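Okay, so here's the structure we're looking at.
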Amino acid sequence: MTIHIGAKKGDIAPTVLMPGDPYRAKWAAETFLTDIKLVNEVRGMLGFTGTWNGHPVTIQGSGMGMPSLSIYANELIKDYDAQTLIRIGSCGGMQDRVGIRDVILAMTASTVSTPSRGIFKELQFAPCADYGLLAAAHSAAVDKGTTTHVGGIYSSDVFYDERPDLNEQMVRHGILGVEMEAAELYTLAARYGRRALAVLTVSDHLLTHEALPAADRERSFGDMVEIALAAAFA
Ligand code: HPA
6 MTIHIGAKKG DIAPTVLMPG DPYRAKWAAE TFLTDIKLVN EVRGMLGFTG
56 TWNGHPVTIQ GSGMGMPSLS IYANELIKDY DAQTLIRIGS CGGMQDRVGI
106 RDVILAMTAS TVSTPSRGIF KELQFAPCAD YGLLAAAHSA AVDKGTTTHV
156 GGIYSSDVFY DERPDLNEQM VRHGILGVEM EAAELYTLAA RYGRRALAVL
206 TVSDHLLTHE ALPAADRERS FGDMVEIALA AAFA
């Protein structure tokens, strides 16, 4: 048990999928895992452990934003010895060629600040994904026929953004999409020698202002979970 996770030591698997939304953790566990067990409900941040193709997997909600994800990822790594942490979540598209429902595999995550900012001082650390996970996720996505983009994303501290000038520079520099968690996950994985990746479904678009209709969300998010599971155990 930690401050924010009620699970017993052995209740968390070495591989953890982390959606922002605790109800998406429940849905993904019920849909893709067998023999599931609720392992955390502290603050309603649901976590489940089950089995996928014979492999133990935990799906633990991270909450929204890097301060929240940082709490769960720190405890999963330091107290439960999680080795592979894959964020599964949504993002806003930032390039014309990136469409709604497409999957983005975040090779890097640029950011203005993460909860780890304080330790870097003048260094602009470049948070990046684990290459093995990234390559395996890409081949799983190609096998599924999912339209997939690999490249840099932007981890923002705000959903209701007031810096159109900054977004313009992101678009100009090829950033594929925006979300709010990956940069801190990658930074923690680098610090503790763990594997991390963010597999993201484009749910809305900053340039076209399209958004994924609610009815379509489940199927699109399902592709992302399957890609993450295939990558973890490739
Ligand atoms: N901004 C930040 N995070 C997001 C977005 C967005 O537009 N869409 C999904 N997650």
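6 is the number of the first residue of the sequence shown in the numbering used here; add one for each residue after it.
Where is the CB? At the ideal position from N, CA and C, for every residue including glycine.
The structure displayed is predicted, hence computed values, not measured ones.
The alpha helix (DSSP H) spanning residue i covers which residue range?
| i | result |
| --- | --- |
| glutamate 80 | 71–83 |
| lysine 149 | 136–149 |
| glutamate 259 | As shown, the chain starts at 6 and ends at 239. That puts residue 259 outside it, with no answer to give. |
| alanine 87 | Alanine 87 -> no alpha helix (DSSP H), and no H or E assigned at all. |
| glycine 68 | From DSSP, glycine 68 is part of no alpha helix (DSSP H); its letter is neither H nor E. |
| glutamate 231 | 222–237 |
| arginine 196 | 187–197 |
| isoleucine 124 | 122–125 |
Starting from residue i, follow the beta strand (DSSP E) in both directions and report where the run begins and ends.
| i | result |
| --- | --- |
| methionine 112 | 108–116 |
| glutamine 240 | The question about residue 240 has no answer, for the chain in this structure spans 6 to 239. |
| methionine 23 | 20–23 |
| isoleucine 240 | Since the displayed the chain opens at 6 and closes at 239, residue 240 lies outside it and no answer follows. |
| arginine 200 | 200–210 |
Can you tell me the Cβ-Cβ gap for residue i and residue j, rounded? I've got them flagged as a contact below 8 Å.
| i | j | result |
| --- | --- | --- |
| alanine 237 | isoleucine 91 | 6 Å |
| isoleucine 158 | alanine 194 | About 15 Å separates the two Cβ atoms, so there is no contact after all. |
| aspartate 243 | lysine 149 | Because the chain here runs from 6 to 239, residue 243 falls outside it and cannot be looked at. |
| glutamate 80 | threonine 7 | 4 Å |
| valine 204 | leucine 51 | The Cβ separation is near 19 Å, so there is no contact. |
| methionine 99 | glycine 182 | 5 Å |
| isoleucine 232 | threonine 151 | 7 Å |
| threonine 153 | aspartate 84 | Rounded, the Cβ-Cβ distance is 34 Å, inconsistent with contact. |
| leucine 22 | isoleucine 93 | 5 Å |
| alanine 34 | isoleucine 64 | 5 Å |
| glycine 25 | serine 75 | Not confirmed; about 13 Å, so no contact. |
| valine 47 | glycine 11 | 5 Å |
| valine 103 | valine 207 | 6 Å |
| glycine 55 | aspartate 40 | 5 Å |
Give a single yes or no on whether residue i has its beta carbon closer than 7 Å to a heavy atom of the ligand HPA.
| i | result |
| --- | --- |
| glycine 66 | no |
| serine 73 | no |
| valine 176 | no |
| aspartate 209 | yes |
| glycine 157 | no |
| serine 225 | no |
| serine 118 | no |
| glutamate 184 | yes |
| serine 144 | no |
| cysteine 96 | yes |
| serine 161 | yes |
| phenylalanine 164 | yes |
Based on the DSSP secondary-structure assignment, which residues constitute the bridge partners of residue i?
| i | result |
| --- | --- |
| glycine 15 | In the DSSP output, where bridge partners are listed per residue, glycine 15 has none listed. |
| histidine 60 | Trp57 |
| serine 161 | Paired residue(s): none; serine 161 is not in a bridge. |
| alanine 216 | Asp209 |
| leucine 51 | In DSSP, leucine 51 forms no bridge with anything. |
| valine 155 | Leu110 |
| glycine 94 | Leu205 |
| leucine 264 | The structure shown does not extend to residue 264, since the chain is modelled only from 6 through 239, so no value can be given for it. |
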